[in-house]
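In UniProt numbering, the protein residues as written are 1 to 510.
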């Protein structure tokens, strides 16, 4: 047997190295214009692809109408780094009614639609750039199991449109830049947008109207709106970063068809009964008692009263979850939920926005472990929303109140409200408020301010070093204030006025 010599071994190694370089040169994204594999079909002109197989662009293409139309299953289109240029009309790459489609490593420029996928199953678009298209990628007509990954959509109008009859779409590791409209219009269900970036879009980064959607680990900057969820259930918005968003960074709108009113107890007023129209919108409704806008309660005090009316869906949908996001410098509110049921807002960090977190209408919101710092208005606002629960939140150095609440059944517990420019916690026009085990420290007005609260509970709070009163009650009825540590406040430790009655105050010293 011939024994290899050092010289022959070196020659063999060099041969393998050269072969490896040749193979590497043919990989997508490394170089354009290399020879296709023997089993592939070169694409030299715009055409219909009606047979399965691998197709590779042999050079740049230009068209005045549609370019590549796929009508067969099992097609792979490799752009080999080349481009397909249009004149502002038509579609660069389209497929309808096919399975197992892959499009990769291509740039499409100046089209009405960059890529159109209609009624497709198991389709993947990867390493693709869509530049200057009115619509980057359209996914319509019952398509499912579609992936857009490692791609870029830029300098156009709308990035991606996912129709409401589409499901199982994944958008991952994709950049949306300099669009005049939205980044992603996601109407379909069971879909996700993850690990993507949105920069300078003229509309929201992502608008969601489909159920069972995940929006996670995205970066959103300088957009007109961040993530907007409307009339959708079981949506999770998690671990995204928002910077310099015009408007709200995260906005959730509740599901419609709200029919059943919930009426809260009211004080024992003298006068006629109260009738609420069943379609009265959620909000604070000023009521008249016995035909008068002002009413006299059972102590003879004339006060103006309000009642919170929250309209509830008979069958609450699966809640939306807003978790672990970072919101900075929103030009509107940081996180907003309007007329939702059981929305979860947890472990978010919101700074330098209008309100840090704002819940309007609806019911059963859960806010836990959020941080709201240096916002231009309140740290957290609960506006005309029933049965909100706020646990272990931190609200510091906000320009107005740390926590501001109107609505019934609110629970504020374990909250640190410190160095806010108005009150630490301000609750008014509601029943059954529970303020328990909070630290309300060094706020520029009152530590705790209650106005027109009925049957509330204030217990086990530390209320220290506030510039005005520790606890200020005005027009409060049937409320217990007990076992709190209230001291070192500049004006009064505790004050009750403006018709406060039937209130129990006990054991509130340091």
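Cβ atoms here follow ideal geometry from the backbone N, Cα and C, with glycine treated the same way. Since we're looking at a predicted model, the values are computed, not measured.
| query | result |
| --- | --- |
| Measure the C-alpha to C-alpha separation of residue 233 and residue 65 and round it to an integer number of angstroms. | 40 Å |
| Helix, strand or coil, according to DSSP, for residue 463 in the structure here? | strand |
| Report, in whole angstroms, the separation of the C-beta atoms of residue 447 and residue 489, which I expect to be a contact under 8 Å. | 6 Å |
| State the Cα-Cα distance for the pair residue 77 and residue 384, rounded to the nearest angstrom. | 55 Å |
| Mapping the DSSP letters down to three states, classify residue 417 as helix, strand or coil. | strand |
| Between the alpha carbons of residue 445 and residue 507, how many angstroms are there, rounded? | 23 Å |
| Out of 123, 483 and 318, which has the shortest C-alpha to C-alpha gap to residue 213? | 318 |
| Here's the rule I'm using: 16 or more other beta-carbon atoms within 10 Å means buried, otherwise exposed. How should residue 491 be labelled? | exposed |
| Just the C-alpha distance for residue 331 and residue 351, rounded to the nearest angstrom, thanks. | 11 Å |
| Assuming residue 397 and residue 373 make a contact with CB atoms under 8 Å, what is their CB distance in whole Å? | 6 Å |
| Whose C-beta lies closer than 6 Å to the C-beta of residue 133 among residues of the same chain, with five residues either side of it excluded? | 111, 114 and 156 |
| Go through its chain and collect everything with a Cβ distance to residue 83's Cβ below 8 Å, but skip five positions before and after it. | 60, 61, 106, 107, 108 and 109 |
| Within its chain, find whatever has a CB closer than 6 Å to the CB of residue 218; leave out the 5 residues flanking it on each side and keep chain order. | 196 and 240 |
| Return helix, strand or coil for residue 135, following the three-state DSSP convention. | strand |
| Apart from the five residues on each side of it in sequence, which residues of its chain come closer than 6 Å, Cβ to Cβ, to residue 208? | 186, 229, 232 and 235 |
| Indicate the three-state DSSP secondary structure (helix, strand or coil) for residue 175 in the structure shown. | strand |
| Classify residue 325 as helix, strand or coil using the three-state DSSP reduction. | coil |
| What do you reckon, are the CB atoms on residue 225 and residue 206 nearer than 7 Å? | no |
| Please return the same chain residues whose Cβ sits closer than 6 Å to the Cβ of residue 177, not counting the five positions on each side in sequence. | 154 and 199 |
| With distances taken from CA atoms, which of 139, 180, 150 and 149 is nearest residue 189? | 139 |
| Considering only DSSP beta bridges, list what residue 42 is partnered with. | 56 |
| Please confirm whether residue 465 has its beta-carbon closer than 7 Å to some beta-carbon of chain C. | Absent from the structure is chain C; it holds one protein chain and no more. |
| Output yes or no for whether 7 Å exceeds the beta carbon distance between residue 408 and residue 378. | no |
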